[in-house]
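In the numbering used here, the protein residues as written are 54 to 348. One structure below.
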């Protein structure tokens, strides 16, 4: 099995947070088209069954692997014991289906699904608040790792950890049990230079979302102080090969560090504007060509 595999998130076909974007598209369409394009695995979305056996039964006919699955955590507002109780079932679902990482999203106080300006996102305003959160996160990550699944923290627009400075704080204050999910699109939109953030935290990166951006739209989003849904519907994000991020240098850095795991194509956009199959294929073909050149 290759060290680096290419997977995809079903968001190219339907968006859980914005059901008007592809909400009518059945999961079977995403799986069959993804398999036809060449993807080896899928992340979860809301249309998958909620039990381990059901997930396996859905993926097996297409010979697709379970890459990972998003978990909406509220650790910023809950105790570690409460979060462990809440997360245990999701960890078990991933484990039973062979997934090695958990996509961790902190949604406490998040505005990512609301029409609220991104500048109004939540923040930790003191050293103590940062450290208390980091300590809880390390303890939670220690639990998931004990179950064979590593926590991959998703820095995300509209949430507590969005900017490069936030990522720095999180990585500095948490233990090595806490892995980092590197998302190129959220990194750029959050004010970072993707290659710099990737190189700085390469030792902690255990999962990768390759999302492209249209830089002129990013600038418009910042100037007009859009919400995250505004960014999505107005075409801020796209698949690798359709925007302005240099994925060749990102892949070179990952391979130099001997990264082993998934490259997940993920692009929040409207399938009525960016047809699912066409854009999913563009993303796959871009990454497949880059990998083939290097192996």
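Every residue gets a Cβ at the ideal spot worked out from N, C-alpha and C, and that includes glycine.
- Counting along the chain, residue 273 sits inside the alpha helix (DSSP H) bounded by residues 268 to 276.
- Along the segment 257 to 321, the alpha helix (DSSP H) occurs as fully enclosed runs of 4 or more residues at 268 to 276, 281 to 286 and 300 to 309, listed in sequence order.
- Counting every other CB atom within 10 Å of its CB across the protein chains shown gives residue 328 a total below 16, marking it as exposed.
- Out of 243, 302, 261 and 309, the CA that lies nearest to the CA of residue 279 is found in 243.
- With respect to residue 193, residue 247 sits apart: the two C-beta atoms are not nearer than 8 Å.
- Residue pairing for residue 167: DSSP places it in no beta bridge.
- Listed in chain order, the non-local C-beta contacts of residue 84 below 6 Å within the same chain comprise 115, local neighbours out to five positions each way being set aside.
- Between the segment 186 to 203 and the segment 226 to 234 there are three or more C-beta pairs closer than 8 Å, enough to call the two in contact.
- Of the residues 331, 261, 314 and 128, the one whose Cα lies closest to the Cα of residue 213 is 128.
- Under DSSP, residue 206 takes part in a beta bridge, and its partners are 157 and 233.
- Look at residue 125 here: in three-state DSSP terms it is strand.
- Distance from the Cα of residue 62 is smallest, within the candidate group 309, 78 and 94, for 94.
- According to the DSSP secondary-structure assignment, residue 95 is paired through a beta bridge with 61 and 119.
- Note on residue 322: 16 or more other CB atoms within 10 angstroms of its CB, so buried under the neighbour-count rule.
- Secondary structure note for residue 105: its alpha helix (DSSP H) is the uninterrupted segment 105 to 112.
- At the C-beta level, residue 164 and residue 176 stay beyond 8 Å of one another.
- Residue range 180 to 199 is occupied by the alpha helix (DSSP H) that includes residue 183.
- Contact annotation, residue 260 with residue 205: C-beta distance approximately 4 Å; criterion of less than 8 Å satisfied.
- Cα atoms of residue 316 and residue 58: separation of roughly 6 Å, rounded to the nearest angstrom.
- With a threshold of 16 other beta carbon atoms within 10 Å, residue 258 meets it and is buried.
- Straight-line measurement puts the Cα of residue 109 at about 37 Å from the Cα of residue 185.
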